[in-house]
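Trainee: Sequence order for the protein chains is A and B.
Yeah, the first sequence ends on 456 if you go by my numbering, and it's all consecutive.
Yeah, the second sequence ends on 782 if you go by my numbering, and it's all consecutive.
C-beta atoms are modelled at their ideal positions from N, C-alpha and C, and glycine is treated no differently.
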Amino acid sequence: MPSRILKKRSLIPGQTSELVLDAPHIAAKAKPGNFVILRVSENGERIPLTIADTDKKAGTITIVYLVLGKTTAQLETLKEGDDILDLCGPLGKDTDIHKYDGPVICVGGGTGIAAMHHIAKGHHMAGNHVIAIIGARTKDLLLFEKELKRFCPEVLVSTDDGSYGHKGLVTEILEARLKADPTIGEVVAVGPVPMMAAVARTTKPFGVKTVVSLNSIMVDGIGMCGACRVSVGGKTQFACVDGPEFDGQLVDFKELSSRLSAFKAMEQISYEEFKKSHVCKCSH
Amino acid sequence: MSANAPTEKKKGKAVPRTAMPEQPASVRVTNFNEVTLGYTPEMALTEANRCIQCKKPLCVKGCPVEINIPGFIKKIVEGDLHESYKVLRETNSLPAVCGRVCPQETQCEGSCIMGKKGEPVAIGRLERFVADTFMASDACEQLTGTHACSLEHEGLKVACIGAGPSSLTVAGYLSSLGIKVHVYEALHELGGVLIYGIPEFRLPKEIVRKEIEAMKAQGVEFHTNWVGGKTITVQDLIDQGFNAVFIGVGAGLPKFLRVPGENLIGVFSANEYLTRVNLGRAYTFPAVDTPAYTGKNVAVFGAGNVAMDAARTAKRLGADRVMIVYRRSEKEMPARLEELHHAKDEGIELMCLNAPVELIGDEKGWLKTLTVQKMMLGEPDESGRCSPIACDGQFCDIPCDMAIIAVGTGSNPLMTNSTPGLELNKWGYITVNEDTGETSIPNVFAGGDIVTGAATVISAMGAGRRAAKEIARRLLG
Ligand SMILES: Cc1cc2nc3c(=O)[nH]c(=O)nc-3n(C[C@H](O)[C@H](O)[C@H](O)COP(=O)(O)OP(=O)(O)OC[C@H]3O[C@@H](n4cnc5c(N)ncnc54)[C@H](O)[C@@H]3O)c2cc1C
Ligand SMILES: Cc1cc2nc3c(=O)[nH]c(=O)nc-3n(C[C@H](O)[C@H](O)[C@H](O)COP(=O)(O)OP(=O)(O)OC[C@H]3O[C@@H](n4cnc5c(N)ncnc54)[C@H](O)[C@@H]3O)c2cc1C
Ligand code: SF4
Ligand code: SF4
Ligand code: FES
Numbered sequence: 173m174p175s176r177i178l179k180k181r182s183l184i185p186g187q188t189s190e191l192v193l194d195a196p197h198i199a200a201k202a203k204p205g206n207f208v209i210l211r212v213s214e215n216g217e218r219i220p221l222t223i224a225d226t227d228k229k230a231g232t233i234t235i236v237y238l239v240l241g242k243t244t245a246q247l248e249t250l251k252e253g254d255d256i257l258d259l260c261g262p263l264g265k266d267t268d269i270h271k272y273d274g275p276v277i278c279v280g281g282g283t284g285i286a287a288m289h290h291i292a293k294g295h296h297m298a299g300n301h302v303i304a305i306i307g308a309r310t311k312d313l314l315l316f317e318k319e320l321k322r323f324c325p326e327v328l329v330s331t332d333d334g335s336y337g338h339k340g341l342v343t344e345i346l347e348a349r350l351k352a353d354p355t356i357g358e359v360v361a362v363g364p365v366p367m368m369a370a371v372a373r374t375t376k377p378f379g380v381k382t383v384v385s386l387n388s389i390m391v392d393g394i395g396m397c398g399a400c401r402v403s404v405g406g407k408t409q410f411a412c413v414d415g416p417e418f419d420g421q422l423v424d425f426k427e428l429s430s431r432l433s434a435f436k437a438m439e440q441i442s443y444e445e446f447k448k449s450h451v452c453k454c455s456h
Numbered sequence: 306m307s308a309n310a311p312t313e314k315k316k317g318k319a320v321p322r323t324a325m326p327e328q329p330a331s332v333r334v335t336n337f338n339e340v341t342l343g344y345t346p347e348m349a350l351t352e353a354n355r356c357i358q359c360k361k362p363l364c365v366k367g368c369p370v371e372i373n374i375p376g377f378i379k380k381i382v383e384g385d386l387h388e389s390y391k392v393l394r395e396t397n398s399l400p401a402v403c404g405r406v407c408p409q410e411t412q413c414e415g416s417c418i419m420g421k422k423g424e425p426v427a428i429g430r431l432e433r434f435v436a437d438t439f440m441a442s443d444a445c446e447q448l449t450g451t452h453a454c455s456l457e458h459e460g461l462k463v464a465c466i467g468a469g470p471s472s473l474t475v476a477g478y479l480s481s482l483g484i485k486v487h488v489y490e491a492l493h494e495l496g497g498v499l500i501y502g503i504p505e506f507r508l509p510k511e512i513v514r515k516e517i518e519a520m521k522a523q524g525v526e527f528h529t530n531w532v533g534g535k536t537i538t539v540q541d542l543i544d545q546g547f548n549a550v551f552i553g554v555g556a557g558l559p560k561f562l563r564v565p566g567e568n569l570i571g572v573f574s575a576n577e578y579l580t581r582v583n584l585g586r587a588y589t590f591p592a593v594d595t596p597a598y599t600g601k602n603v604a605v606f607g608a609g610n611v612a613m614d615a616a617r618t619a620k621r622l623g624a625d626r627v628m629i630v631y632r633r634s635e636k637e638m639p640a641r642l643e644e645l646h647h648a649k650d651e652g653i654e655l656m657c658l659n660a661p662v663e664l665i666g667d668e669k670g671w672l673k674t675l676t677v678q679k680m681m682l683g684e685p686d687e688s689g690r691c692s693p694i695a696c697d698g699q700f701c702d703i704p705c706d707m708a709i710i711a712v713g714t715g716s717n718p719l720m721t722n723s724t725p726g727l728e729l730n731k732w733g734y735i736t737v738n739e740d741t742g743e744t745s746i747p748n749v750f751a752g753g754d755i756v757t758g759a760a761t762v763i764s765a766m767g768a769g770r771r772a773a774k775e776i777a778r779r780l781l782g
């Protein structure tokens, strides 16, 4: 069933946008941690995107994407009032949310910040004190700081080049925080695979529960193909139905990175053909 | 009825079974067009005349939906294909599909009297011939003579979850009785395994689409991208006032081998590989965006229809060598006979009595080598097939850059786990009343692979029909 784009906001011009979609049946069920699978055109690929926010009253969901290849580039060409051909969800397990005595730290990197937002909001709604730690290469690439500030008492920022907040990595802020506060209940990390792996390494000596949200390649998203399989604690799990969130200490990040490159050559062909046939209005 | 005469004349005479025209193997491995081309009217008439119109037709007993086989064949002989089609549609809502994919040798044709001494009547091919002839025109009009097929029973509605053959049968049956049916399908296309599993070269997707169009004309409403248990639950449907719910979500959980190296790049479940190629139409990449990776040396594990489909698909996508690696011998292979023959003609190698023990990759995580172990056959097991026994120390390394695992599927818990009170057996399949198809929840029915485990199109349809009859009985009295 097609879904109408009600609002579009460019977060990083030509690179990352936020869409608010009319999808009452998905909004009614969506919980933090869930994602959708969408298809932009008749010949398009099914791709998963996290539900970054929901408004149950308005019947809308919010997605945020980074333009990385053909499908996301094609998504970026759509405007308010356009339809997304196929939108399926909510998929994946809900985030396991408890009330903790101590704070919950939610770490986000790149586009993962938007995905983390819904999880952080869930923890806040459950009465947790949520500390957000977000990072990007440079100030202009930082997302959702304002949105997180609405409910997080603390939003800590790092940039690789020091243009804003702490100069360095999110894991440096995280480590300092874990050292200073032994009551931290849980750490959640959403972002690029190397970042999630680094977060898991950082929390390990502290023995704090660490949840990561995995972005393996998916096809159906309902547990029928096994494309999304990941090794967790030596066991094969399907990220789309057993996850996408798993215990960061048990995930085989090396295998995940390698499997993400399985179709690199073909993805490049798709993207190049698309760029040739489509004069990109966004690159300047 | 002079056209009837040849049937009588030919009684007892050994006229050979009419061969099916097909694309030559060397040509068809380069395309995804249908392999078998279908009978011409002349061929169909010749073949139809081989049927001796048994008084007590054994063939009908072999068909899970009990098609009036002599009846529809007689109409071919009489030259009335329209009537023939009607006879088929009385019990089978997808004749063009069944004519192509039923394992006829163990069903209708396996029971045909003509097969006792010679070759059975080619029932499946005739069924396909009639259905294909009529597919061309509006099915609704053909059946009723009008465009608006059915009257609605105000206020009655039934929901089906999943849009495979079992649900489609329920929808076709009930809508022809004027009951509103809503079908909720998780994927973006309708048809279940007929769309995402069975390849184009064996079952053109156009045929499935046409059958579905006919159901839409009959008033069935289809909702794609709705996931049972996620977007909508059985309880939601009951709360929305549906009088009955049918669960036909198939057995789509791919099994893996649990051998080392199974998560290397280049190792696929057959479901993933076939879904990419069929649902995603990856065989036309880069015209479409879904990629499918193709190896040079491809090993397929398993020897059922799924394995044959995966092997023949890999061959068409350009693999140099495709091997079916199977623990038992050719005799035990569960695939349809025709598929096995077609695969062999197309140059698929059978590596029988071998079991995969390890998949070995390079430093980047890409599959490079397959280690197999020799097997021998022991005593028959409970399934009646000889069980394979590993030969100590007999291992062999084979260059292999792509492996497809087609060793069966299990029950996908997504739907069943989200339905409290739904009784499952120890393998996670739904338990139903065998006569009615009803589950442990009143007015909630189930059928097809989610009840029996992976089976056949026609048995899923048989289950759909059983449930639909019961639903109709309860709703219409
Ligand atoms: C559960 C989940 C949630 C995600 N949430 C977000 C999100 O909120 N925002 C966001 O920007 N991205 C998200 N992603 C990643 C997103 O799906 C990919 O960036 C997208 O598929 C890229 O498609 P493309 O055609 O534009 O690029 P391509 O050129 O096709 O691929 C670029 C890279 O994206 C990955 N990828 C490609 N196809 C798929 C696929 N079918 N499924 C998963 N990954 C794929 C591969 O690593 C690939 O190398 C999520 C992924 C998962 C699994
Ligand atoms: C590759 C392959 C080849 C085969 N070849 C043959 C053959 O030659 N002859 C033969 O007789 N049989 C064959 N079979 C078996 C046959 O296709 C199945 O037995 C039959 O399709 C089962 O029908 P079904 O209605 O139970 O389910 P399916 O056809 O599996 O359909 C189930 C549908 O439900 C959908 N679904 C799943 N979960 C949900 C959910 N939670 N919510 C909503 N929808 C959901 C699925 O996407 C699917 O569309 C083959 C199977 C495969 C995989
Ligand atoms: S439906 Fe299948 S089993 Fe029945 S007659 Fe047709 S081909 Fe034979
Ligand atoms: S058993 Fe064979 S010969 Fe007899 S009616 Fe059936 S198809 Fe015809
Ligand atoms: S995406 Fe197919 S099983 Fe997860």
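Going by DSSP, what residues sit across from A:Q457 in a beta bridge?
Mentor: In this structure chain A extends from 173 to 456, so residue 457 of chain A is not present and cannot be described.
Trainee: Taking three-plus beta-carbon pairs below 8 angstroms as touching, is the segment 553-561 of chain B in contact with the segment 687-696 of chain B?
Mentor: Output reads no: the segment 687-696 of chain B does not touch the segment 553-561 of chain B.
Trainee: By the three-class DSSP mapping on this structure, what secondary structure does A:F316 have?
Mentor: Here A:F316 sits in coil by DSSP.
Trainee: Hey, how far is the Cα of A:T232 from the Cα of B:I570?
Mentor: Taking the straight line joining both Cα atoms gives about 37 angstroms.
Trainee: Leaving out the 5 sequence neighbours to the left and right, which residues in its chain are closer than 6 angstroms to B:L495 when beta-carbon positions are compared?
Mentor: If we look at B:L495 and ignore the five residues flanking it on each side, its Cβ neighbours are A468, I517 and F527.
Trainee: Spatial neighbours of B:M638 within its chain, please: C-beta separation below 7 angstroms, excluding the five flanking residues on both sides.
Mentor: So the list reads A608, Y631 and L645, once near-sequence residues are dropped.
Trainee: With 8 angstroms set as the bound, which would you pick, yes or no: does the beta-carbon of A:V404 sit closer than that to a beta-carbon of chain B?
Mentor: No, because no Cβ of chain B sits closer than 8 angstroms to the Cβ of A:V404.
Trainee: Ordered along the chain, which non-local residues of its own chain (more than five positions away) have a Cβ less than 6 angstroms from that of A:V402?
Mentor: Cβ neighbours of A:V402 beyond the five flanking positions: L386, S388, Q409, A411 and L428.
Trainee: Check whether chain A comes within 8 angstroms of B:F561, counting only Cβ atoms and requiring the distance to be less than that.
Mentor: Chain A, which has a Cβ nearer than 8 angstroms to the Cβ of B:F561, makes this yes.
Trainee: With a threshold of 8 angstroms on Cβ separation, who are the neighbours of B:G317 within its own chain once the five nearest residues in sequence on each side are excluded?
Mentor: Unreliable placement is indicated for B:G317, whose pLDDT of 49 sits below 50; no coordinate value is reported for it.
Trainee: Using 8 angstroms for Cβ pairs, my map puts B:M440 next to B:K515. What's the rounded Cβ distance?
Mentor: Yes, they are in contact, since the Cβ atoms of B:M440 and B:K515 sit about 5 angstroms apart, within 8 angstroms.
Trainee: Using only the alpha-carbon positions, how far apart do B:N773 and B:D702 sit?
Mentor: The identity of residue 773 of chain B in the sequence shown is Ala, whereas the question assumes Asn. So the two alpha carbons sit approximately 52 angstroms from each other.
Trainee: Given that B:L558 touches chain A, what residues does it touch there, using C-beta distances under 8 angstroms?
Mentor: In chain order: G395 and M396.
Trainee: Could you list which residues in chain B have their beta carbon closer than 8 angstroms to that of A:V211, in chain order?
Mentor: Going by the sequence as given, residue 211 of chain A is Arg instead of Val. The answer, in chain order, is H493.
Trainee: What residues in its chain sit with their C-beta under 6 angstroms from that of B:V426, if we drop five residues either side in the sequence?
Mentor: Same-chain partners within the cutoff: R355, C356, C417 and M419.
Trainee: Identify which residue in A:V302, A:D266, A:K265 and A:T249 has its Cα closest to the Cα of A:Y272.
Mentor: Minimum Cα distance to A:Y272 is reached at A:V302.
Trainee: Does the beta carbon of B:G752 fall short of 7 angstroms from some heavy atom of ligand 3?
Mentor: No.
Trainee: For the candidate residues B:I709, B:S634, B:R641 and B:N602, whose alpha-carbon lies nearest to that of B:G623?
Mentor: Residue B:N602 is the option with its Cα nearest to B:G623.
Trainee: Hey, A:I394 and A:L313: beta-carbon distance below 8 angstroms or not?
Mentor: Not in contact: A:I394 and A:L313 (Cβ atoms no closer than 8 angstroms).
Trainee: Below 8 angstroms CB to CB, which residues in the same chain sit around B:N783 once its five sequence neighbours on both sides are set aside?
Mentor: The structure shown does not extend to residue 783 of chain B, since chain B spans only 306 to 782, so no value can be given for it.
Trainee: Just grab the DSSP bridge partners of B:P470 for me.
Mentor: Per DSSP, none; premise fails for B:P470.
Trainee: Using a Cβ-Cβ cut-off of 8 angstroms, state whether A:L221 counts as contacting chain B.
Mentor: So no, A:L221 is outside the interface.
Trainee: Let me know the secondary structure DSSP gives B:A772 once reduced to three states.
Mentor: It is helical.
Trainee: Closest by CA to A:T267, which one among A:V239, A:A292 and A:T244?
Mentor: Of the listed residues, the one whose Cα sits closest to A:T267 is A:A292.
Trainee: Counting only Cβ pairs nearer than 9 angstroms, list the residues of chain B close to A:D268.
Mentor: Here the premise fails: no neighbours, minimum Cβ distance about 16 angstroms.
Trainee: Any idea which residues DSSP pairs B:M348 with across the strands?
Mentor: Looking at the DSSP assignment, B:M348 forms no beta bridge with any residue, so it has no partner.
Trainee: In whole angstroms, what separates the C-alpha of A:I305 from that of A:L328?
Mentor: Cα to Cα, A:I305 sits roughly 5 angstroms from A:L328.
Trainee: If the cut is a Cβ gap below 7 angstroms, which residues of chain B does A:H450 touch?
Mentor: Within chain B, no residue comes near A:H450; the closest Cβ sits about 13 angstroms away, beyond 7 angstroms.
Trainee: For a contact meaning CB atoms closer than 8 angstroms, what does A:E439 contact in chain B?
Mentor: The answer, in chain order, is P596.
Trainee: Using the Cβ count rule (16 or more neighbours within 10 Å means buried), how would you classify A:R181?
Mentor: It counts as exposed.
Trainee: Tell me which residue opens and which closes the alpha helix (DSSP H) that A:C412 is part of.
Mentor: First-last of the alpha helix (DSSP H) with A:C412: A411 to D414.
Trainee: Alpha carbons only, please: which of B:F547, B:F573, B:T529 and B:G524 is nearest the one belonging to B:I709?
Mentor: The shortest Cα separation from B:I709 among B:F547, B:F573, B:T529 and B:G524 belongs to B:F573.
Trainee: Where does the unbroken alpha helix (DSSP H) through A:Q246 begin, and where does it stop?
Mentor: It spans K242 to E248 - the alpha helix (DSSP H) in which A:Q246 sits, taken as one unbroken run.
Trainee: Thinking just about the alpha-carbon of each residue, which of B:T721, B:N717, B:V662 and B:E687 is nearest to the one in B:Q699?
Mentor: The shortest Cα separation from B:Q699 among B:T721, B:N717, B:V662 and B:E687 belongs to B:V662.
Trainee: Counting only the same chain and skipping the five closest in sequence on each side, list residues whose C-beta sits under 8 angstroms from that of B:G670.
Mentor: Same-chain partners within the cutoff: L569 and I570.
Trainee: Over the uninterrupted beta strand (DSSP E) stretch that includes B:K673, give me the two end residues.
Mentor: L672 to P685 is the span of the beta strand (DSSP E), which, as asked, contains B:K673.
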